[in-house]
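Below is one structure; the comments refer to it alone.
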Ligand SMILES: *Cc1c(COP(=O)(O)O)cnc(C)c1O
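In our numbering, the protein residues as written are 959 to 1392.
This is the structure we're talking about:
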């Protein structure tokens, strides 16, 4: 299978090459040149299939030119060594709990899968790779944890100063070894811009081997399509669910669109955002107009210019109306988000993080718009404990802290403060090569 750039000028490459490059040389994002149809996703065979079997089966057509079936199987078994759950929260809404991995958010799926592919690749190449990752919170911790101690790989995590939760910062900045965290004096978009500039800087390109681990990397995106299929495998037979995806950079939603095109039965998708509502507005019929990000309590979704929008357009051959038919979009304020955390807890005793709450709001809005009897599955993107300073005062309930977190909280943090201008960042990267 070949992977092509959304900007269409770069030649097609293999999956491993697309992963190494992150961004295509023409500035586009990699996508599969054609999407394989997997009959077994839609003919009832999924029923109760183990997650790792679904994952290996969906990964195979994309990776088989690069890796043996055995290698694919061992990567998914090692990467996905934690459970998924489907919780009923009443009102015909289910939450797909994607937060039982080591950093308690869905990004563990993409990061751990990609880290194992990188390790496999680095072992074959013998050259050190530096991974640059901009984060508004959860990406950084998932990537840092996923790549921790992986041989042949250095990771630089850039996060906006004062704009990630204390817990998210701890998760990134207490690891050490091959993981370095940079605290950027700016907002998330500054972090993302610095990373993009680094990739297009000829001096840096000549001095070191750079790669990305943001949701722009195809190796992060692909594994996120697997759990949509797992959710279908746990629903009643012959149903077409509606998937609601709390979104920021829209990698998670794009992965759902990919699963749908591979043959997974889906009625439609719902894009749920906070006040950073560029995509819902576009889906409502406005033109696409990226903006600066604004800060919200669902901070992992504070993105003003979602990088995966080009991929979504690529999947519909640039036809906006097709995208509008496939996805309904809704945006909510922090006030509505807080209220929904409270409502869900009072109705069902279930605790949700602010991102998942935005999803539940969108699910309810979508059900209100048009009644139907399709199951509605909201992607539960983070464990409520990660946002307990928001969740606990609203519900009056203490969130149980998992043991792994207690251990981590006792560790020393260290990150390097840095300005938002590119030359400072470039000089720092160069200083590490000498
Ligand atoms: C990253 C993240 C999101 C947004 O996912 P995208 O793929 O960027 O749209 C939502 N919720 C949480 C908890 C996240 O960490």
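Virtual Cβ for every residue (Gly too), placed ideally from N, Cα, C. Note that the coordinates shown come from a computational prediction; the quantities given were computed from them, not determined experimentally.
| Through-space distance from residue 1240 to residue 1247, alpha-carbon basis | Here residue 1247 is taken as the residue at index 289 of the chain shown, counted from 1. Here residue 1240 is taken as the residue at index 282 of the chain shown, counted from 1. Looking at the two C-alpha atoms, the distance is approximately 8 Å.
Among 1207, 1348 and 1215, nearest to residue 1293 - alpha-carbon criterion
For the purposes of this step, residue 1293 is identified with residue 335 of the chain shown, where counting begins at 1. Closest by alpha carbon: 1348.
Closer than 7 Å: is that where the CB of residue 1426 sits relative to any heavy atom of ligand 1? The structure shown does not extend to residue 1426, since the chain spans only 959 to 1392, so no value can be given for it.
- Task: Would you check whether ligand 1 has a heavy atom nearer than 7 Å to the C-beta of residue 1259?
- Result: Residue mapping note: residue 1259 aligns to position 301 of the chain shown, counting from 1. Taking non-hydrogen atoms of ligand 1 into account, the C-beta of residue 1259 is found less than 7 Å away from one of them.
Would you list the residues sitting across from residue 1140 in a DSSP beta bridge? Your numbering for residue 1140 matches position 182 in the chain shown. Looking at the DSSP output, residue 1140 sits in a beta bridge with 1116 and 1374.
Exercise. According to DSSP, what are the bridge partners of residue 1047?
Worked result: Counting from 1 along the chain shown, the entry for residue 1047 is found at position 89. Residue pairing by DSSP places residue 1047 in no beta bridge whatsoever.
Locate the alpha helix (DSSP H) running through residue 1034, then write down its first and last residues.
Locating residue 1034 in the chain shown gives position 76, where the first residue counts as 1. Where residue 1034 is concerned, the enclosing alpha helix (DSSP H) stretches over 1027–1037.
Compute the Euclidean distance between the alpha carbons of residue 1319 and residue 1288, then round it to the nearest angstrom. Within the chain shown, numbered from 1, the residue matching residue 1319 stands at position 361. Within the chain shown, numbered from 1, the residue matching residue 1288 stands at position 330. The straight-line gap from Cα to Cα measures roughly 8 Å.
**Prompt:** What number of angstroms, rounded off, separates the C-alpha of residue 1051 from the C-alpha of residue 1229?
**Reply:** On the chain shown, residue 1051 is found 93 positions in, with the first residue counted as 1. On the chain shown, residue 1229 is found 271 positions in, with the first residue counted as 1. C-alpha separation (whole angstroms): 15 Å.
message = ligand 1 and residue 1248: does the residue's C-beta get closer than 7 Å to at least one heavy atom of that ligand?
response = Counting from 1 along the chain shown, the entry for residue 1248 is found at position 290. In this structure, residue 1248 has its beta carbon at no less than 7 Å from each heavy atom of ligand 1.
- Would you say residue 1336 reaches chain B, if we count a Cβ-Cβ gap shorter than 8 Å as a contact? You won't find chain B in this structure, because it holds only one protein chain.
> Hey, would you say the C-beta of residue 1251 is under 7 Å away from at least one heavy atom of ligand 2?
Replying inline: Ligand 2 is not among the ligands present in this structure, which contains only ligand 1.
Determine the DSSP secondary structure at residue 1218, reduced to helix, strand or coil. Stepping through the chain shown from its first residue, residue 1218 is reached at position 260. If DSSP states are grouped into helix, strand and coil, residue 1218 belongs with the helices.
Check your understanding: Do you know whose CA, among 1381, 1324, 1223 and 1133, lies nearest residue 1114's CA?
Key -> Locating residue 1114 in the chain shown gives position 156, where the first residue counts as 1. Cα-wise, what sits closest to residue 1114 is 1133.
> How big is the Cα-Cα spacing for residue 1302 and residue 979?
Replying inline: Within the chain shown, residue 1302 is the residue found at index 344, counting from 1. Within the chain shown, residue 979 is the residue found at index 21, counting from 1. For residue 1302 and residue 979, the distance between alpha carbons rounds to 42 Å.
| message | Once DSSP output is grouped into helix, strand and coil, what is the label at residue 1052? | response | Against the chain shown, residue 1052 aligns to sequence position 94. Strand.
- prompt: Assuming residue 964 and residue 1268 make a contact with CB atoms under 8 Å, what is their CB distance in whole Å?
  reply: Here the question's residue 964 lines up with position 6 in the chain shown. Here the question's residue 1268 lines up with position 310 in the chain shown. Contact holds; Cβ gap of about 5 Å.
- [ ] Take the Cβ of residue 1407 as the centre, count every other Cβ of all protein chains shown within 10 Å, and call the residue buried at 16 or more, exposed below.
- [x] Given a span of 959 to 1392 for the chain in the structure shown, any question on residue 1407 remains unanswerable.
For ligand 1, is there a heavy atom less than 7 Å away from the beta-carbon of residue 1423?
As shown, the chain starts at 959 and ends at 1392. That puts residue 1423 outside it, with no answer to give.
Contiguous beta strand (DSSP E) assignments of at least 3 residues, all confined to the region 1058–1103 = Those beta strand (DSSP E) runs which fall completely within the region 1058–1103 and span 3+ residues are 1087–1092.
> In or out: residue 990 buried (at least 16 other Cβ within 10 Å) or exposed?
Replying inline: The residue labelled residue 990 in the question sits at position 32 within the chain shown. Residue 990 comes out buried.
Point to revise | Endpoints, the alpha helix (DSSP H) within which residue 1228 is located | key: Here residue 1228 corresponds to residue number 270 of the chain shown, with the count starting at 1. For residue 1228, there is no enclosing alpha helix (DSSP H); the residue is part of the beta strand (DSSP E) that begins and ends at 1226–1231.
Minimum C-alpha distance to residue 1103 - residue among 1256, 1128 and 1350: Counting from one through the chain shown, the residue named residue 1103 turns up at place 145. Ranking 1256, 1128 and 1350 by Cα distance to residue 1103 puts 1128 first.
Local Cβ density within 10 Å of residue 1391, reported as buried at 16 or more and exposed below that: Here residue 1391 refers to the residue found at position 433 when the chain shown is read from its first residue. Looking at its Cβ environment, which holds fewer than 16 other Cβ atoms inside 10 Å, residue 1391 is exposed.
Original post:
Measuring CB to CB, does residue 1071 end up less than 8 Å from residue 1033?
Top reply: As a working mapping, residue 1071 is identified with position 113 in the chain shown. As a working mapping, residue 1033 is identified with position 75 in the chain shown. In this structure, residue 1033 lies closer than 8 Å to residue 1071 by Cβ.
Q. Quick one: does the C-beta of residue 1118 sit closer than 7 Å to a heavy atom of ligand 1?
A. As a working mapping, residue 1118 is identified with position 160 in the chain shown. Not a single heavy atom of ligand 1 lies less than 7 Å from the C-beta of residue 1118.
TODO: Go through the region 1253–1333 residue by residue and report every complete run of the beta strand (DSSP E) that reaches 3 residues or more, in order.
DONE: The region 1253–1333 contains these whole beta strand (DSSP E) runs: 1285–1289.
> Looking at the structure shown, is residue 1338 part of a helix, part of a strand, or coil, going by DSSP?
Replying inline: Residue mapping note: residue 1338 aligns to position 380 of the chain shown, counting from 1. Correct three-state label for residue 1338: strand.
- Query: So, is residue 1148 buried or exposed, given that buried needs 16 or more other C-beta atoms within 10 angstroms?
  - Reply: Here residue 1148 is taken as the residue at index 190 of the chain shown, counted from 1. Under this definition residue 1148 is a buried residue.
Which residue comes first and which comes last in the alpha helix (DSSP H) that contains residue 1109?
-> Translated into the one-based positions of the chain shown, residue 1109 becomes position 151. Segment: none, residue 1109 is in no alpha helix (DSSP H) and carries neither H nor E.
(message) Cutting at 7 Å between CB atoms, please list the residues of its own chain near residue 994, excluding the five before and the five after it.
(response) On the chain shown, position 36 is the one that residue 994 refers to. Only 1019 and 1220 meet the Cβ criterion.
Exercise. Does the beta carbon of residue 1374 fall short of 7 Å from some heavy atom of ligand 1?
Worked result: Numbered from 1 along the chain shown, position 416 holds the residue referred to as residue 1374. Not so, every heavy atom of ligand 1 lies at least 7 Å from the Cβ.
Requested in this report: Could you pull out every unbroken beta strand (DSSP E) segment of at least 3 residues lying fully inside the region 963–1017, listed in chain order?
Outcome: For the region 963–1017, whole beta strand (DSSP E) runs of length 3 or above, ordered along the chain, are 988–990.
Is it buried or exposed for residue 997, if we count other Cβ within 10 angstroms and need 16 for buried? By one-based count along the chain shown, residue 997 stands at place 39. By the 16-neighbour rule on beta-carbons within 10 angstroms, residue 997 is exposed.
What does DSSP give as the partner residues of residue 1204 in its beta bridges? Residue numbering aside, residue 1204 sits at position 246 when the chain shown is read from its first letter. Beta-bridge analysis with DSSP links residue 1204 to 1230.
Can you tell which of 1069, 1217 and 1188 has its C-alpha closest to the C-alpha of residue 1005? The residue you call residue 1005 lines up with position 47 of the chain shown. Nearest to residue 1005 by alpha-carbon distance, out of 1069, 1217 and 1188, is 1188.
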